[in-house]
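At position 38 of the sequence shown the residue is numbered 139 (the numbering used here), and the sequence of numbers has no breaks.
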Amino acid sequence: MTEESERQARFRWFRDGCENLHARYADLSQGAPADYIPELARVDPDLFAIAAMTVDGERLGVGDATHLFTVQSISKLLLYGLALEVHGRDAVLEKVGVAPTGESFNAIELDDRQTRAPNPMVNAGAIAVSDMVTGAGPDERLERVRAMFARYLGRHPEIDEGVWKSERVTGNRNRAIAYLMLSHGIISARVEETLDLYFAQCSLLLSVEDLAVIGATLANGGRHPLTAEQVVAHDVVRDMLTVALTCGMYDYAGEWAYTVGIPAKSGVGGGILGMVPGGGGVAVFSPRLDGHGHSVRGVRVFEALSRRYGMHLFDPDRPSTRPG
Ligand code: GLN
102 MTEESERQAR FRWFRDGCEN LHARYADLSQ GAPADYIPEL ARVDPDLFAI AAMTVDGERL
162 GVGDATHLFT VQSISKLLLY GLALEVHGRD AVLEKVGVAP TGESFNAIEL DDRQTRAPNP
222 MVNAGAIAVS DMVTGAGPDE RLERVRAMFA RYLGRHPEID EGVWKSERVT GNRNRAIAYL
282 MLSHGIISAR VEETLDLYFA QCSLLLSVED LAVIGATLAN GGRHPLTAEQ VVAHDVVRDM
342 LTVALTCGMY DYAGEWAYTV GIPAKSGVGG GILGMVPGGG GVAVFSPRLD GHGHSVRGVR
402 VFEALSRRYG MHLFDPDRPS TRPG
């Protein structure tokens, strides 16, 4: 078999696995959709999709793979990349650390000395990162974020206006976090504008197929597998994937690293995006969440895929772990 046909055979094997897991977990009805705002609770809880894209641009989508849902906290990963590119690592590290917290995503918590948000994946750090989005006013800043997404997706993602408005009305915990950071000089005084931007980025509408493209790009050192465009700088990708591995799943990050072993980010819309460096991106969407705010079926699918296909980064049998 040539190298190319071997790759294709392996991808067919992977596709079969995704189809089987989709069928196996379709009846799993544990957990419940996020209900902190009515707009999110209204989602059909049975929606379920798996998508993947390799760094060579091969792709698959199973189930409701084109259904659009709000990206929520998965946006934090991309915004972190944008901040690193625009401001540089040192400037970002001054305001946002890289330490996992062991707390839930919306904990009202800074670092020990109260000078930084703990990490960019919890709400505090993500709001501090959103504060760093440059632009003259709210429209220009939001446009900058959508344009960044467009480099991955080839289109500007729409915003779920209903979710955005509701996040704005009910987001008082995030407001508390933001004002705490203002009082410690971590973020600038345009607090309401930045919160609104954070709520807007959470309300962007993506499908699992979109997430798989993003994941494949990051797994490919920031180079888009289809357009070959360098969407985000190489060294920035390393930092993004590192915090995704250590902090992306919040207080479940340790268990996730242990059982799944790849960088990932989840959102309360029901999406989980995982990246296999050098391999590709995998995404699952299913709105029923566990107590950590992660998709129940999503966690199960990733655990099974990682086991079956040796995706764990520290698996000694992982084919690409040999240097040289
Ligand atoms: N909009 C949500 C919030 O800020 C996002 C949280 C998440 O997806 N974990 O609370």
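Ideal placement from N, C-alpha and C gives every residue a C-beta, glycine not left out.
Computed from a predicted model, the values in this text were never measured in an experiment.
Residue i - DSSP class collapsed to helix/strand/coil
i, result
"Phe170", "strand"
"Val223", "coil"
"Arg276", "helix"
"Ala135", "coil"
"Leu148", "coil"
"Gln215", "coil"
"Gly316", "helix"
"Val197", "strand"
"Val383", "strand"
"Leu374", "strand"
"Leu183", "helix"
"Val361", "coil"
"Val234", "coil"
"Gly158", "coil"
"Arg324", "strand"
Heavy atom of the ligand SAH within 7 Å of residue i beta-carbon
i, result
"Phe300", "For the structure depicted, the ligand SAH is absent and the ligand set comprises only the ligand GLN."
Presumed contact (8 Å Cβ cut-off) between residue i and residue j, rounded CB distance
i, j, result
"Gln131", "Val369", "No, Gln131 and Val369 are not in contact; Cβ-Cβ is about 16 Å, not under 8 Å."
"Ser429", "Val383", "Outside the shown range of the chain, which is 102 to 425, sits residue 429, and nothing can be said about it."
"Ala290", "Leu296", "The Cβ separation is near 12 Å, so there is no contact."
"Thr155", "Ala317", "6 Å"
"Tyr253", "Ile315", "5 Å"
"Lys196", "Ala229", "5 Å"
"Arg389", "Arg398", "7 Å"
"Leu169", "Leu306", "4 Å"
"Val234", "Leu194", "About 17 Å; that fails the 8 Å criterion."
For residue i, the nearest candidate out of the options (CA to CA)
i, options, result
"Ser308", "Pro258, Ala208 and Ser407", "Pro258"
"Ile288", "Arg242, Ala225 and Val270", "Ala225"
"Asn220", "Tyr280, Asp418 and Leu178", "Leu178"
"Ala277", "Arg214, Ala301, Glu210 and Glu294", "Glu210"
"Gly375", "Ser407, Asn207 and Glu195", "Ser407"
"Gln215", "Arg419, Val338, His285 and Leu129", "His285"
"Trp357", "Leu390, His413, Asp340 and Val338", "His413"
"Gly411", "Gly372, Gly392, Gly394 and Gly362", "Gly362"
"Leu281", "Ala192, Ala208 and Asp117", "Ala208"
"His393", "Tyr181, His123, Ala227 and Ser205", "Ser205"
"Ser231", "Glu120, Val264 and Leu180", "Leu180"
**Message:** Check whether the segment 327-334 and the segment 352-364 touch, using three or more Cβ-Cβ pairs below 8 Å as the test.
**Reply:** The segment 327-334 is not in contact with the segment 352-364.
**Request:** Under 6 Å from any heavy atom of the ligand GLN, by CB: list those residues in chain order, please.
**Result:** Spelled out in chain order, the answer is Gln173, Ser174, Phe206, Asn207, Asn224, Glu268, Asn275, Cys303, Gly368, Val369 and Gly394.
**Message:** Contact between the segment 149-166 and the segment 200-211 is defined here as three or more beta-carbon pairs at a separation below 8 Å; is this criterion met?
**Reply:** The segment 200-211 and the segment 149-166 do not touch, with fewer than three beta-carbon pairs separated by less than 8 Å.
**Asked** Is there contact between the segment 340-350 and the segment 362-376, where contact requires at least three CB pairs shorter than 8 Å?
**Response** Taking 8 Å as the limit for Cβ pairs, the verdict is that the segment 362-376 does touch the segment 340-350.
**Asked** Does the segment 133-146 come within contact of the segment 311-322, defined as at least 3 CB pairs closer than 8 Å?
**Response** The segment 311-322 and the segment 133-146 do not touch, with fewer than three beta-carbon pairs separated by less than 8 Å.
**Asked** Is there contact between the segment 107-125 and the segment 156-163, where contact requires at least three CB pairs shorter than 8 Å?
**Response** Yes: at least three Cβ pairs fall under 8 Å.
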